[in-house]
Amino acid sequence: MVASENQQNPAEATPASARCIPKEARQLLHELAAEWEDVPDCRALEVVPLQGAMTNEVYQARWATGAEGEEREARKVLVRVYGEGVDLFFDREDEVRTFECMSRHGHGPRLLGRFHNGRVEEFIHARTLSAADLRDPEISAIIASKLREFHNLDMPGSKDVLIWERLRNWLRTAKSLCASDEAKEFCLDSMEKEITALENEFSGEPRCIGFCHNDLQYGNIMIDEDTRLLTIIDYEYASFNPVAYDIANHFCEMAADYHSEKPHILDYDKYPDFNERKRFVQTYLSSTGEEHDTEEVENLINSIEKYTLASHLVWGLWGIISDHVNDIDFDYKEYARQRRSGSAHSLSSIVEASRSVTGYCVVRKGYTQSSQFRLSGRLGLRCSRSLVNRRLPRGFRRAAFSAAGLQDRALGCALGKRVMANSEYEYVKREFEFDRRLPPSNWIVVRIDGCHFHRFSKIHAFEKPNDQNALRLMNACATAMLEKFPDIVFAYGVSDEYSFVFREDTEFYHRRESKILSLCVSYFTSVYVMKWKDFFPNKELKEPPYFDARAVCYPNFKTIRDYLAWRQVDCHVNNQYNTCFWMLVKSGKSEQEAQLALKGTFAKDKNELLAQQFQINYDDEPAMFRKGSSVYREKVEKIVKADDYEDPIKRTRLVLKEEHVDIIGPEFWQNHQHILREGKFRHEFVKKFDINHMLPPCNWIVVRINACQFDQFSAIHSFDKPNDAAALRLMNAAASSMMEQYPSIAFGYGFGNEYSFVLHEKTELYQRRESLLLSSFSSHFTSLYMMKWKEFFPHKELMQPPRFDAEVLCYPKLKLLYEYLSWRQAECHAGNQYNTCFWMLVKSGKGEKEAHEILKGTLSKDKNELLFQQFQMNYNNELAMFRKGSCIYRQKLIPRTRWRGNMGNACSGIPKRGRIADAGDSSVADASCSLLRKTHDPTFVWKICGFSALLERGATFALSDYFLCCGYKWCLYVTPMHKQSCDTIPYVALSLCVLRSNLNPGVTINAEFELSVFNHSTRTYSACEDSYSFHVKKTLSRTKCLIPLEELLKSCEFLVDDSCAFAVRILKVDVISSEKKPSVFPEKSITAIQNLFLKKEEFINGTYSWTLKEITWTLKEILDLKHSAVSPVFTVGGHKWRINIHPLGEESSARSLSLYLQMLDPKELSHESGMMIELTLSILDQKHEQNYSRPGRFVFGRHVCRGWPNFIPLETLMDTSKGYLVGSKCIVTADLTIIGSSIDGKISDYLWKE
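Quick note: the sequence shown, position 82, residue 82 per full-length UniProt numbering, numbers continuous.
Take a look at the structure:
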């Protein structure tokens, strides 16, 4: 927060002595005043402090002008004394340059002079705005226009967005300053994840970047009352950022009054309402004369509301830091807490905007804040799903494949050279995989750096400033790297980083950057974990270490020497500072005091401090600490054998050596010319060789990790052939942990020794830098694999470190991404089928070469026949994890685009923790639900308004009215609380039903269709595909679970205002009968829509009991009866009804009694009308006073007879022990309740009046 100087009337200001400002400031003021002719006495200085400043101390300095006795007007300037610790927030030199540049553009005051800890500025003769002024419509409009002009300034320097870097820098500072209790109060340890989550959410926004003030509170805006011109002042925090963030910050400042009795208290009732925000945005957009449409206004409003979350996070951290470094009379800590409470207000604004703006998610009444956002108990707000309307897919449909013609593929088995499946999907690798090769004739440096090692070292209690064992462990890893990779000629390391120099002419992996990076960092990580116990025998590894890496190319010996010199200079500077810092801390100073003591000191000052206060000669510190570690190959002469005269024969050999020496000067290189040649060195400019390949925006990123030389690794560790279930589960566990670590991972698919991770198209993870993505994923996966080894192989020691390479692919469209995943699953199937055959042949006594010859040229069906005939194996009964691989995802129902091919049931979404499922495993899929995809043009839509009323009345199914398609009558069968036999979680499930009376005996209808639920957010139907064979005995398709009930109730995607819509799209109908009929494809443009409005009150109830007397039916007589019986007519809700009973049942339900309720006056309903009837038909057990009942919910409309064709088996009915037929009497009852209608309104409004 920048100073808010209220340049008040001097008469109102409290006079103060000029001694309240620094001596250098007074001297500068005297020099300025001496140049003004109208100031008779330059030392007659009066200084008045101005209120409202929170970062700096601000004063008005003034001198009387003219001779005594004359009317005198004061000459005024502004003195700004920088606050303590402001360097923690911004670079003061950058701020001054911005100030001067703004002056040249005609903005703000002129700079009159600078002194050591401040500056003198021109005093602007204008009034500083008050808190109330910001709400004034006229002034607000002027601010909007001025802000647009400010944002359009073409300022020099970088145009990169600064907000996220600033947040992370301030977070690190806050952590270093706060005690543990304070850090816990504000949840600083977990705030990095929150920042990342916000950054990922905002990365998907179409952003307009401008030069932003970033602190537009009322004290930084001045207005000339005569001309009504505004001036924006104070640019300490100005930088390039999304303009929506700057406006959001301005809106948040409207809740503040820094001149009140409690300036740190924010009143969020003053936050502008929607109309005020809309008016401001309209003025802002129209101020340049450009036309704008409603959609542009709405989009900017919603972006602004989301960025309020970032604003509260920024200024909350500012308050925490300022409380430790600033002595101004202001309650900074309480201000930070106020900012935290502001997050809740931001939420309500977002919800309000979502209700008001067309095209955005509508939040239903009663929807709780915790469903959309979870207040994280910290400064900001964690997004639970999305910031109201931006939702990205989190998982993907499993791939389909055609097995015919696919060739072998090794899945971790020793089958020789890997061969790709020649499938239709293979083009996704050829055309989209990055094959970036580093330039030839360049020295390649791979610099590996620990990720979050500050936290890692704290968790494992490393000694400060240097932990010798930790450094020796890093050196051991570097030595192992040189042993493993001969092309590395030199390595230099300090702290948690190591640089590896590859020889100039290396062809290691054909100089492919992705391979070099991922392999090096993976192997380094693997060795680090494996050797941990060698250096820390009494410490358990509490969390997996991981590293990132980058590749830098240097064209000649000079630049590679300069690079290494730069790293050693960095080692010296950092170690000298850290040594002083931690000695001060250990002597009793706080970390803040230690930082202040070292601020501005030079190397000689630090050496003197160590010598005088701690009797330490810095040059006597271990060379490993001061100069880092160098690992290289030394030339030595070794005796290799003896000649005929027993004289030793010596040869020059290269042996690995670790030293801690000066590599900046020429001496080392002169003595080791075999490593690098001598050349002049200068290290200041080497950073410009750093290669930062950025992956294209708005592309889905796939990082595929693949184990190297896994055939050898699996043989050493005796993995089962052709599949080791424990090894595969270990891969899945590592992948699941990866998903927990990286929220940007939307989906993972793996088989054998590889895993593909799909990152959201709009992710900004590692700023989309290819090298960092590849290296961190490869390293982290390796570390997790090794740490979880004992969980899956408790009786096997890890004999050698595994290593994984990685490559990255980018896909601009979902369709291509699905093709990629389909290709990988096709590879899985082809390889596993081949390997299963191969190893069965080997186990039967064939040699490996013979087995290869037998399988050569075979197709998929040939392999299936071989397995069945020779080994009595049905390949399709093998574990789905072997045949189809494993998917990992989070549980969240999201619309999907269809994958090519047929995978059967997949999974509906992605659990909050990474869930692993075997692709295509029906038990897993049924336990969750079917993977949904987008569909369009449904055949029939059933919209249910008042869905909660359906739930309150129990779990009974609901049946829609019939609709006509392809010459048959159909209806939707909805079960709102369906439970699988293997699962206790209720799901909303759908089935398709065909009208039985449509079907003739011997006719089968093979239908392909999609069952779906409407997504209000994307305005699409999220569907799962199915097929079913209908005939007279099977008129209801199998149940398809669409979405967990809990998810539907929480989500505003599928349930809005207590309303949801279900649909069916009939794709194809084949009629199989004695008469051959062609396939029927329905008209896609025709959609039947049916509404159902359910009520929680005003139900119309009715009960009718029908006693059938004088019944003397025997079972034979019932079977001979050829007609039905009907009850007398009764009235409920103004409509006439009767019960139909078929003692024989229909032909399709032989040996069962059929029972129906019939509506006799449907003509009184309009063509579109229908009523939802909750119906229970019962036959009374007269002996035991119990009913044999069947409940259900049906829509009565144009079709008027609904019930159960198989109501009760005839054997049960005729059983004399049951009491359903006693003394020639059978009692049938009908309980019906009208609970809804296709017309909105009171139930009494749509009942027929006789």
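Ideal Cβ positions, reconstructed from N, Cα and C, are used throughout, including at glycine.
Small disclaimer: the values here were computed from a predicted structure and weren't measured.
When we look at the beta-carbon of residue i and count the other beta-carbons within 10 Å, is it buried (16 or more) or exposed?
i, result
"Q800", "exposed"
"T579", "buried"
"V569", "exposed"
"A707", "buried"
"Q1090", "buried"
"F681", "Only weak support is given to the placement of F681: the predicted model assigns it a pLDDT of 39, under 50, and the question is left unresolved by the model."
"C837", "buried"
"T288", "exposed"
"E1025", "buried"
"I495", "For clarity, residue 495 is Ser in the given sequence; the question names Ile instead. Its Cβ being crowded by 16 or more others within 10 Å, S495 is buried."
"P802", "buried"
"H125", "exposed"
"P1205", "buried"
"K1218", "buried"
"T1216", "exposed"
"L879", "exposed"
Can you check whether the CB of residue j is closer than 7 Å to the CB of residue i?
i, j, result
"V974", "F1093", "no"
"Y632", "I675", "yes"
"V120", "L45", "no"
"S736", "L759", "no"
"R203", "K762", "One detail in the question is off: residue 203 reads as Ser in this sequence, not Arg. Result yes, Cβ atoms of S203 and K762 sit closer than 7 Å."
"I459", "F502", "no"
"S1154", "R1138", "no"
"A461", "K531", "no"
"L129", "I221", "yes"
"T956", "R1193", "yes"
"A131", "Y268", "no"
"C1041", "A1007", "no"
"I223", "L230", "yes"
"A197", "T98", "no"
"V941", "W970", "no"
"L959", "F1009", "no"
"A1023", "S1012", "yes"
"A61", "V47", "yes"
"S522", "T782", "yes"
"F547", "T525", "yes"
According to DSSP, which residues form a beta bridge with residue i?
i, result
"E659", "S630"
"F115", "G118"
"W970", "F963 and V994"
"K635", "L654"
"A611", "According to DSSP, A611 bridges with nothing at all."
"Q1090", "W942"
"F1009", "D1026 and I1066"
"I1043", "V988"
query = Do the stretch 797-816 and the stretch 501-517 meet, that is, are 3 or more Cβ pairs less than 8 Å apart?
reply = yes
request  = Entirely within the stretch 744-797 and at least 4 residues each: give me those alpha helix (DSSP H) ranges in chain order.
outcome  = 770-787 and 789-792
ask   = Taking contact to mean at least 3 C-beta pairs separated by less than 8 Å, is the stretch 290-299 in contact with the stretch 155-171?
value = no
query = Is the stretch 616-630 close to the stretch 448-456, with three or more CB pairs under 8 Å?
reply = no
task = Report yes or no: do three or more beta-carbon pairs, one from the stretch 112-131 and one from the stretch 20-39, lie closer than 8 Å?
result = yes
query = Looking at C-beta atoms only, is the number of pairs between the stretch 300-311 and the stretch 243-261 that lie closer than 8 Å three or more?
reply = yes
message = Quick check: the stretch 879-888 against the stretch 826-842, are at least 3 beta-carbon pairs closer than 8 Å?
response = yes
query = Can we say the stretch 168-183 touches the stretch 96-104, given the rule of at least three CB pairs closer than 8 Å?
reply = no
ask   = Does the count of Cβ pairs from the stretch 168-180 and the stretch 709-725 closer than 8 Å reach three?
value = no
query = Quick check: the stretch 996-1016 against the stretch 1026-1034, are there 3 or more CB pairs under 8 Å?
reply = yes
request  = State whether the stretch 533-547 contacts the stretch 591-600, with contact taken as three or more CB pairs (one from each stretch) at a distance under 8 Å.
outcome  = no
task = Please go through the stretch 433-461 and give each complete beta strand (DSSP E) segment of 3 or more residues, from N-terminal end onward.
result = 443-450
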